[in-house]
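Numbering (the numbering used here), first residue to last: 37 to 1080.
Using N, Cα and C, we set each Cβ at its ideal position, and we do this for glycine too.
Model, not experiment: these values are computed from the prediction.
Notes follow once the structure below has been shown.
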Amino acid sequence: MNPCAPFIRRPVMTGVLSAALVIFGAVAYRHLPVSELPNIDYPTIAVFANLPGASARVMAASVAAPLERRFSSIPGLTSMSSGSTIGSSVITLQFALTRNIDAAAQDVQTAISQSIDRLPAGMPTPPVLAKINPGDYGILYLALTSETLPLTKLDEYARTRVAERIAQVPGVAQVGRIGTYEYAARVYVNPYALSARGLTLDAISEAIRRNNSSLPTGTLHAGARTYTVESDGQLVTADAYNRLIVADRNGAPVHLSDIGYALDGIEEDRQLTTFSESGPGEPLLRPAVWLSVRRQPGANTVAVAEQVRALLPELTRRAPGDTALHLLFDRADFIRACIVDVERTLLAAVALVVAVMFLFLRSLRATLITALTLPVSLIGTVAAMRVLGFSLDNLSLMALTLSVGFVVDDAVVVLENIARYREQGQPPLAAALTGSREIVFTVVSMTLSLAAVFIPLFFMGGITGRLFGEFAATVAIAILISGAVSLTLTPMLCSRLLGEPRGFAARLSGPARGFERIRDAYVASLGWAVEHWRAMLAVSALMLALTVWLFAEVPKGFIPAEDTGLVIALTRAPEGTTFERLNALEQQVAETVQRNPAVAAVLSNAGQGFNETGGHNVGVLFMGLKPRGARAPAGEVRQQLRAAVASISGLQVFVENPSAVNLGTTGGNAQYQFVLQSSATEVLYAVAPEFERRMAELAGLRDVSSDLELNNPQLRVVIHREAAAALGVTAQQVQSALEAAYGGQQISTIYGDVSQYWVLLQLAPRYQTDSDALSALYLQGAKGSLVPLRAVADVTPGVGPLKINHSGQLPSVALSFNLEPGVSLGEVTPRIEALARATLPPDVSGAFAGNVQAFQESMAGMPLLLGLTILIIYLVLAMLYEHLGHPLTILTALPLAMVGALLSLIAFRQELNIFSFVGLIMLVGLVKKNGIIMVDFALQLRREHGLTPRAAIIEACRIRFRPIMMTTAAAILGTLPIALGLGNGAEARRALGIAAVGGLVLSQLLTLYITPAFYVAMERLSMVVVGGRPLAAAACPERNPAHE
């Protein structure tokens, strides 16, 4: 029975089925969501807690620690880290990839609610949570500027109009702001004027609360009418507060303006965002509101970005005054460019494969048959992607590109065998039936064993499994569809399109003479190799040993950085730096980087780190680069910017080219982190600086820094409790007065029509920088007497932590680092681990976090994954051939391919990362195809013609030499455009292509000799094992339905 016969005899049915597959795939292509990478929804939740004025130590002990204790018992929690700085704590919770983020958020909210009674009573709001994805940057960054509008009004328009309107776009998850200018009525007090009138800060606070009230006033029922009673209890402007009577002294009213003043101000006045763009003259920095647009998981990035950009003209027209909306960065531009370049790569691969088919077949009709099977298989795969909910991204398109070499192989094997029978004089229909029946088992073996290669990728855990799950499925589907097409559409087309035998042979005869001479020379040399099979086995063993050695020597990495057109700089000033000084330095950095001709625009924020993870001495800059054709690569631009800002003293600047995947949750200043932790805080803080110094001396590292900041200038107020008690003063009064004086105490709320605003009380700015003003603070003592602060407390200067970090509830210090150019991550991680083993005391532990941790996990799983892949192929082949020896013969090419791949990576200075490792997995499937073609035909010759093992394998290699060369050439040329690494996003694809091409080239040269030699050796061994009985007779039944 020939399973291909019904499709050959019914060409209309076969054609209609193929056309339907193409139509469905073409429609599906237009509806696939477009993104940069497959959806990597790493379940992560950030919890934000605020206590204005509290020190980092207070925030860590009284806010972060109680919350962490509750969070630690949540199911599925894999890591927990926190950072506490002045007035705020951020706790980052990362869950297992299998954990539902919504369910985890509910558990976190429950834990927060259960912790409320253990948190400080003075917190203005309960802790809030946000679902975040550390590996997902914003898809759009916008800036709003105005020359005439106050920043508070600009911020309100951005928050209530722009952000809310953008958030309504389907697919938008969040519109965040980096730096805010929310309105606040600020009440500034002169402590000396206050004490001169016998008043305290608590008295001012209470007077304002009593006079700024918004309480329900009821309803008046008068006759037939009902009246709602309203009163003007609210003070809504700073001028109203200035006229407020806060006390009465000797019958005379004391107005707020007598002891201070009120201003229409900003809630958080220790941060500033600026925007600048390229143009003639010096850079002009303008105050701005910074918006970041994030997409929902699985949303079409390009479609979301296009819809948001379509709103910008309307939002600009409706903006008040001269408000302008600026676009700093649109990730969709990069994704579109990547998709276009990968599509071009796909077309180039198709063109190269079709060209090589023509060179081998020298027939337009035969080439047309091959060319027609390509789109059917590839476009049919797109239809399956739509059904499975996949996206159109770099990896899925790369999978389709790599599939070009796969899908043509089966068609080539079928076509070549049918063409051989046409050359022997058979009519088209008979040749198609005979040739297809003879090759069915070979095609099924090739298809199933190649698809099986990608099964282990489905079971990979962590980030690698999330990245390559869709990739593996796409390739496997393409392989299975191509196998079906090669056994249905290809023989049907051959029965209708292949020319007359004489004409076909004539077209082949001239150019084929040279090819036949090459084949004959190969067959002659093959006889020597088969005779000296022991030497060939020794070469194979040598290649296996060389593979193991090269695996240890090849540079190793995780995910290469891509040129997305965005560069990020994180800045940090010494502890104790004033905001005015920090802002001046930040603007100097912004002006410096803006002068670089590659930089189109710069958004800068002083006073707040990226993702709200820093203290008051940090900043962040986002630099949007000009189009790729108008500048140097982002890596070179980064080096130029590093050199330009290196001369700015008083500020550390860490310039980053953001990775496509970022798993860091410690908020470091560089791409990679090594975290120290210990239950002994003093020991940890003593060890960390020395470890940082030694780590900075290690070869290959740069930008080494830590988040340990212990030298923040502090004034410690020591309360004399006995004296305080005697005077009727409590510790709470002392702390409340200090909070009101220096913490910006929220004392009341203004309820507007749209938003609510705070009323903040503190000393006037000139007294916030004067430590002597502490002596002018008075407290309410027993029987209403005023007690000076100095009477119940001493003030001593000192230093303390600016930020306190925890990792897994333990105090921690994160050491961040970058790599020197040309240095791989696999080179430096052993050095850091060796340093930790040699220098850290027993009660201090160290471990990598974020991307490095994911890198180590992926590297640790690579040998197992590769071994599992080989085992699966062996089992599939053993089942297909019903023999344990033939799969070993087929797999002898693997060491050769691995050596070629690893040598190519080293020669072209590429790393063994998760992309190139997938190239190695692909090689396992690709190189065994030649072995299947050889062994399957040799077994057939032995079974049908009774040839000896030596004669059968040599004849099989002679007859199948052309399809072997054609399939390998198709695979190499199909992968070559990826290996060339041209276009946007090619940085990640290139390593995969180089590994695949290098492995194919070397394996092709040696497999033609080693596999036949191994076949003869296995036959001799089997004959000994089975007592002289020929292996073919033992292995293959008399009737094999697959060959009938």
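*Beta-ladder partner(s) of Gln131, from DSSP*: Looking at the sequence itself, residue 131 is Phe, so the reference to Gln does not match. Bridge partners of Phe131 according to DSSP: Leu113.
*Within the same chain, show all residues whose beta-carbon is closer than 6 Å to that of Asp830, passing over the 5 residues directly before and after it, in chain order.*
Once the five neighbours on either side are set aside, the close Cβ partners of Asp830 are Val754.
_Continuous beta strand (DSSP E) stretch holding Phe84: start and end_ = That run of the beta strand (DSSP E) goes Thr80 to Asn86.
*Could you name each continuous alpha helix (DSSP H) segment of 4 residues or more that falls completely within the stretch 193-247, going from the start of the chain to the end?*
Every alpha helix (DSSP H) stretch that sits fully inside the stretch 193-247 and reaches 4 residues is listed by chain position as 200-203, 227-232 and 237-247.
*Quick one, are the C-beta atoms of Leu9 and Leu503 less than 9 Å apart?*
Because the chain here runs from 37 to 1080, residue 9 falls outside it and cannot be looked at.
*Between the Cα of Val325 and the Cα atoms of Asp238, Gln307, Ser742 and Leu1016, which residue gives the shortest distance?*
Each of Asp238, Gln307, Ser742 and Leu1016 was checked against the Cα of Val325, and the nearest Cα belongs to Gln307.
*If Ala27 sits next to Ile517, beta carbons under 8 Å apart, how far is it from one beta carbon to the other, in whole angstroms?*
The structure shown does not extend to residue 27, since the chain is modelled only from 37 to 1080, so the question has no answer here.
_Buried or exposed (CB count within 10 angstroms, at least 16 for buried), Arg458_ = With 16 or more Cβ atoms within 10 Å of its Cβ, Arg458 is classed as buried.
*Extent of the continuous alpha helix (DSSP H) to which Gly862 belongs*: Segment Leu861 to Thr875, the alpha helix (DSSP H) holding Gly862.
_8 Å contact criterion, which Gly1034 and Ala937 should meet: CB distance rounded_ = About 5 Å separates the two Cβ atoms, so the contact holds.
*Is it right to say Gly686 is buried, meaning 16 or more other beta carbons lie within 10 angstroms of its own, or is it exposed?*
Flag for Gly686 reads exposed.
*Alpha-carbon to alpha-carbon, Ile81 and Gly112*: Cα-Cα distance, rounded: 12 Å.
*On a CA-only basis, which of Ala435, Ile499, Arg195 and Ile240 is nearest Leu382? Give me that one, please.*
The candidate whose alpha carbon is nearest that of Leu382 is Ala435.
_Taking the alpha helix (DSSP H) that Lys965 belongs to, which residues open and close that run?_
In the DSSP assignment, Lys965 falls within the unbroken alpha helix (DSSP H) covering Ile950 to His981.
*Residues sharing a beta bridge with Glu672, DSSP*: DSSP lists no bridge partner for Glu672.
*Where does Pro527 fall in DSSP's three states?*
DSSP places Pro527 in helix when its eight states are reduced to three.
*asked:* Quick test of the definition: if touching needs 3 or more C-beta pairs under 8 Å, does the stretch 294-301 touch the stretch 265-276?
replied: When C-beta atoms of the stretch 294-301 are compared with those of the stretch 265-276, three or more pairs fall below 8 Å, so the two segments count as touching.
*Three or more C-beta pairs closer than 8 Å, one from the stretch 955-968 and one from the stretch 471-485: is that the case here?*
Here the stretch 955-968 makes contact with the stretch 471-485; the two share three or more CB pairs at distances below 8 Å.
*In angstroms with no decimal places, state the Cα-to-Cα distance between Phe944 and Ile76.*
Taken atom to atom, the span from the alpha-carbon of Phe944 to that of Ile76 is near 30 Å.
*Write down every uninterrupted run of the beta strand (DSSP E) in the stretch 564-592 whose length is 3 residues or greater and which is fully enclosed by it, in chain order.*
Runs of the beta strand (DSSP E) inside the stretch 564-592: none found.
*Extent of the continuous alpha helix (DSSP H) to which Glu991 belongs*: Membership of Glu991 in the alpha helix (DSSP H) is indicated by the continuous run Pro985 to Ile995.
*Of the choices Leu1044, Gly61 and Met49, whose alpha-carbon is the least far from that of Ala557?*
Of the listed residues, the one whose Cα sits closest to Ala557 is Leu1044.
*DSSP-derived helix/strand/coil call for Gly655*: Strand, per DSSP.
*At least one CB of chain C closer than 9 Å to the CB of Leu962: is that the case?*
Note that chain C does not occur in the displayed structure, where there is just one protein chain.
*Going by beta carbon distance, what residues of the same chain come within less than 8 Å of Val58, once the five residues before and after it are set aside?*
Cβ neighbours of Val58 beyond the five flanking positions: Pro411, Val412, Ile415 and Gly416.
*Can you check the stretch 301-356 for any beta strand (DSSP E) of at least 3 residues that lies completely inside it and give the ranges in chain order?*
Counting whole runs of 3 or more residues, the stretch 301-356 contains the beta strand (DSSP E) stretches 308-313 and 322-331.
_My output table needs one value for Lys189: the three-state DSSP class, helix, strand or coil._
DSSP places Lys189 in helix when its eight states are reduced to three.
*Give a yes or no on contact between the stretch 775-783 and the stretch 83-93, applying the rule of three or more CB pairs nearer than 8 Å.*
Counting Cβ pairs under 8 Å, three or more are found: they touch.
*Reducing DSSP to helix, strand and coil, say where Ile684 ends up.*
In the structure shown, Ile684 sits in coil (DSSP, three-state: anything other than H, G, I, E or B).
*Can you give me the Cβ contacts of Ser1039 inside the same chain, cut-off strictly under 7 Å, excluding the 5 residues immediately before and after it?*
Result list for Ser1039: Ala929, Leu932, Ala933, Gly936 and Val963, in chain order.
*Can you give me the Cβ contacts of Ser811 inside the same chain, cut-off strictly under 6 Å, excluding the 5 residues immediately before and after it?*
Same-chain partners within the cutoff: Arg826.
*Could you give the distance in angstroms between the alpha-carbon of Ala455 and the alpha-carbon of Phe1050?*
In a straight line, the C-alpha of Ala455 is about 30 Å away from that of Phe1050.
*Check Gly269 in the structure and name its three-state DSSP category.*
Looking at Gly269 - three-state DSSP - the assignment turns out to be coil, as it is neither helix nor strand.
*Could you say which of Thr717, Gly601, Leu606 and Ala767 lies nearest to Arg678 if we only look at CA atoms?*
Comparing alpha carbon positions, the residue from Thr717, Gly601, Leu606 and Ala767 closest to Arg678 is Leu606.
*Give the secondary structure of Gly119 by DSSP, where H, G and I count as helix, E and B as strand, and everything else as coil.*
DSSP, read as helix, strand or coil, puts Gly119 in strand.
*For Leu948 versus Gly593, is the C-beta spacing smaller than 9 Å?*
Yes, the pair counts as a contact, with Cβ atoms nearer than the cut-off.
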